[in-house]
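A short worksheet on the structure shown next.
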Amino acid sequence: MRTIIIGAGEVGYQVAKYLAIEGVEVVLIDKDGNKLKKIAEELDVGVIEAEGGDPNALKKAGADNADLLLAVTNSDETNMIACLLAKSMFNVKKKIARIRNPDYYFNKILLSKENLDIDSVINPELEAANAIIRLLEIPFASEVLEFERGKVLIIAYKIPENSYLIGKKLKELRSSIKRDFIIGIIVRDEEVIIPRGEDYIKQGDLIYLLVKKEDINEIAKIFGEAEKIDKKIMIVGGGRIAFYIASNIEEKAEIKIIEKNSEKCRILSEKLNNSLVLCGDGTDKNLLLQENIQDMDVFIATSHSDELNIMSCLLAK
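Using my numbering, read the sequence shown as starting at 54 and increasing by one per residue.
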């Protein structure tokens, strides 16, 4: 299997590393020669210094025989052009692109089979926002994954002290809970267990539960996790992640967004209907106290700065 990766940033590097370990033939294309040199010294992959949308570079990378092209540069336009060339000139079987700009990402005509024909489009900010929203909707979970367009979920749930589940065998749970669910994995003391009916639940276990979304509330009640709706939410950082979160839940919750950049504040204020946008520093303790951070149910840090996110979360705690 031959895979061509356009963009040798963190995502491109990590995917190349994983595929190389699995024995996949990988060629990385990037315009940064120094970055490629370091990667070539570490990984068993081919590298080509060129623009991602250069058809000669794609041909040199073996696009004629490629099974997959993954375009993950920082430029949406380069990623789309690379996929278009992969389709029109080389008939690459599968094309995946990272596209951040919502004007492109939500344009069904542009991304349709008749036009760009990209098999899978990834918007990292939207994916991050959706992951946060799922945790807000199911607050007792530590992780939530969706399948079948959200109809089926995998939920990670850590068994708390005094839980109803402690000491119960899995076959007992199956017979007593009148809902369709499967406990597929138990993580106990860093050991991964594929459980059977005779296995039982212990305090501190991390269980991975496969369940229909329509049954979540009922199972939560049985598990002793009363349905909880987080009404007051503060978000630091006014980028796309914050916008996607707020636009999805502002009708159901009280949202406050803190952002330093005045232009971003203006845009958010225009696009959001029921969210309060504050122009300020998310690490300003006085501002956080002034906006009653102690009364918030949830605090979310989504700025582009890891340091700011960590500092603001520490202050919130």
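Ideal placement from N, C-alpha and C gives every residue a C-beta, glycine not left out.
Just so we're clear, the structure is a prediction, and the values are computed from it rather than from any experiment.
>> Which complete alpha helix (DSSP H) runs does the segment 98 to 179 hold, if anything under 4 residues is left out?
In response: 108 to 113, 129 to 141, 155 to 158
>> My output table needs one value for residue 370: the three-state DSSP class, helix, strand or coil.
In response: coil
> Can you list the beta strand (DSSP E) stretches of 3 or more residues lying completely in the segment 311 to 350, in chain order?
Replying inline: 328 to 332
>> Would residue 179 and residue 171 be called neighbours here (beta carbons separated by less than 9 Å)?
In response: no
>> So, at 6 Å on beta carbons, what are the nonlocal neighbours of residue 135 in its own chain, with the 5 sequence-adjacent residues on each side left out?
In response: 59, 105, 106, 124
> If residue 183 and residue 158 are in contact, beta carbons under 8 Å, what's the gap, nearest whole angstrom?
Replying inline: The pair is not a contact, with the Cβ atoms about 13 Å apart (cut-off 8 Å).
> In three-state terms, what does DSSP make of residue 96?
Replying inline: Coil, per DSSP.
>> Am I right that residue 110 and residue 103 are in contact with their C-beta atoms under 8 Å? What's the rounded C-beta distance?
In response: 4 Å
> What's the C-alpha gap between residue 335 and residue 61?
Replying inline: 32 Å
> Taking the alpha carbon of residue 85 as the point to measure from, which residue in 77, 75, 126 has its own alpha carbon closest?
Replying inline: 126
>> Contact defined as beta carbons within less than 8 Å: I believe residue 253 pairs with residue 292. What is the distance between those atoms, to the nearest angstrom?
In response: Going by Cβ atoms, the distance from residue 253 to residue 292 rounds to 45 Å, so no, they are not a contact pair.
> Cα separation between residue 263 and residue 204?
Replying inline: 11 Å
>> Quick check on residue 194: does DSSP put it in helix, strand or coil?
In response: coil
> How about residue 367 and residue 290: are their beta carbons less than 9 Å apart?
Replying inline: no
>> Within a Cβ cutoff of 6 Å, which residues of the same chain sit near residue 140, ignoring the five residues on either side of it in sequence?
In response: 170
> Between which two residues does the beta strand (DSSP E) harbouring residue 81 extend?
Replying inline: 78 to 83
>> Taking its Cβ as the centre, do 16 or more other Cβ atoms sit within 10 Å of residue 200, making it buried, or is it exposed?
In response: Taking all protein chains in view, the Cβ of residue 200 is surrounded by fewer than 16 other Cβ atoms within 10 Å, so the residue is classified as exposed.
> First and last residue of the alpha helix (DSSP H) that includes residue 293?
Replying inline: 293 to 302
> In chain order, what residues of the same chain have a beta carbon less than 6 Å from the beta carbon of residue 187, not counting five sequence neighbours either side?
Replying inline: Within the same chain, residue 187 has close Cβ partners 197.
> Which class does residue 86 belong to by DSSP, given the choice of helix, strand or coil?
Replying inline: The three-state secondary structure of residue 86, taken from DSSP, is helix.
> On the three-pair Cβ rule with 8 Å, is the segment 305 to 312 touching the segment 214 to 234?
Replying inline: no
>> Cutting at 6 Å between CB atoms, please list the residues of its own chain near residue 131, excluding the five before and the five after it.
In response: So the qualifying residues of the chain are 105, 106.
> Taking the beta strand (DSSP E) that residue 237 falls in, what are its first and last residues?
Replying inline: 234 to 241
>> Using the Cβ count rule (16 or more neighbours within 10 Å means buried), how would you classify residue 121?
In response: buried
>> Suppose you measure from the CA of residue 115 to the CA of residue 67; what does that come to, to the nearest Å?
In response: 21 Å
>> In the DSSP output, which residue or residues are listed as bridge partners for residue 54?
In response: Note: residue 54 sits in no beta bridge, so no partner.
> DSSP three-state call for residue 263: helix, strand or coil?
Replying inline: Residue state, collapsed to three classes: strand.
> Can you find at least 3 beta carbon pairs, one from the segment 232 to 244 and one from the segment 256 to 273, that sit closer than 8 Å?
Replying inline: Contact holds: three or more Cβ-Cβ distances are below 8 Å.
>> Please state whether the Cβ-Cβ distance between residue 258 and residue 212 is less than 9 Å.
In response: yes
>> Since residue 160 and residue 129 should fall inside the 8 Å C-beta cutoff, what is the C-beta to C-beta distance between them, to a whole number of angstroms?
In response: Contact doesn't hold; Cβ gap of about 11 Å is too wide.
>> Only counting the same chain, and skipping five residues up and downstream in sequence, which positions put a Cβ closer than 8 Å to that of residue 145?
In response: 57, 116, 119, 120, 121, 122, 139
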